[in-house]
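Trainee:
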Ligand code: ATP
Ligand code: MG
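Numbering (the working numbering), first residue to last: 23 to 215.
(1) What's the C-alpha gap between residue 195 and residue 56?
(2) Give the single residue among 191, 118 and 197 whose Cα lies nearest to the Cα of residue 181.
(3) Which residues have their C-beta within less than 5 Å of a heavy atom of the ligand MG, listed in chain order?
(4) When the Cβ atoms of the segment 168-180 are set against those of the segment 137-151, are three or more pairs found closer than 8 Å?
(5) Taking contact to mean at least 3 C-beta pairs separated by less than 8 Å, is the segment 86-94 in contact with the segment 61-78?
(6) Beta-carbon within less than 7 Å of residue 23's beta-carbon, same chain only, minus the 5 sequence neighbours each way: which residues are those?
(7) Take residue 99 as the anchor and find which of 81, 74 and 210 has the nearest alpha-carbon.
(8) Grab me the residues of residue 163's own chain with a C-beta within less than 8 Å of its C-beta, minus the 5 sequence neighbours each way, in chain order.
(9) Among residues of its own chain, excluding the 5 on either side of residue 148, which ones have a beta-carbon nearer than 7 Å to its beta-carbon?
(10) Less than 9 Å between the beta carbons of residue 166 and residue 185, yes or no?
(11) Counting only runs of 4+ residues fully inside the segment 177-204, write out the alpha helix (DSSP H) ranges in chain order.
(12) Consult DSSP for residue 213 and reduce its assignment to one of helix, strand or coil.
(13) Our contact map puts residue 101 next to residue 127 with C-beta atoms below 8 Å; I'd like the distance itself, whole angstroms only.
(14) Where do the N-terminal and C-terminal ends of the beta strand (DSSP E) with residue 77 fall, by residue?
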């Protein structure tokens, strides 16, 4: 392969940003595949030399998942939110605080103008739980989009609110037909985490 050809296949086009229409994509539904489909797009985009980052709302910084190892090998930044949610204590104030801190990091990344693709994993979940205001989130995305029309964003999580569906360019619903969970088979390495 010549240098030029290699470049073409390896990296994004020189006019990539000027000629790209950034999409707001939502992976929702009760079936498996929302997060892993978003990771699939990251794998594709990273191969084009696009700068990608994934921020995870529901996972604590002590959790190491298979995708963290793999994405870091591809040069993709992954951020997990730190303290975790307070499922046990049911402390809604803390959950809101954690969500807001994580969203602040999303805003920082959006505004940095460094990225081509940002994945906000399980953002939809915290919107559904109303830990964050969906209108505020959509407004922030829209205002960033004005300055960076090329920026692609993927949000994942069950029960996407209608306002988010309305604002999105692409919405996919994963539908559960069958899940091993119902046969008593719990999360397995490499498939779930
Ligand atoms: P994945 O990360 O495998 O793409 P997901 O993002 O679609 O799954 P989430 O809603 O984030 O799924 O749920 C997290 C975990 O719950 C995943 O490990 C997944 O396998 C599991 N899960 C997904 N759908 C179901 C279901 N219908 N019943 C039980 N567990 C499920
Ligand atoms: Mg998920």
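Positions of the beta carbon are idealized from the N, C-alpha and C atoms, including for glycine.
Mentor: A quick look at the data gives this:
(1) 8 Å
(2) 197
(3) 56 and 57
(4) yes
(5) yes
(6) Bear in mind that a pLDDT of 44 at residue 23, under 50, signals an unreliable position, so the model cannot answer this.
(7) 74
(8) 46, 132, 175 and 189
(9) 79, 121 and 154
(10) no
(11) 184-189
(12) coil
(13) 6 Å
(14) 74-78
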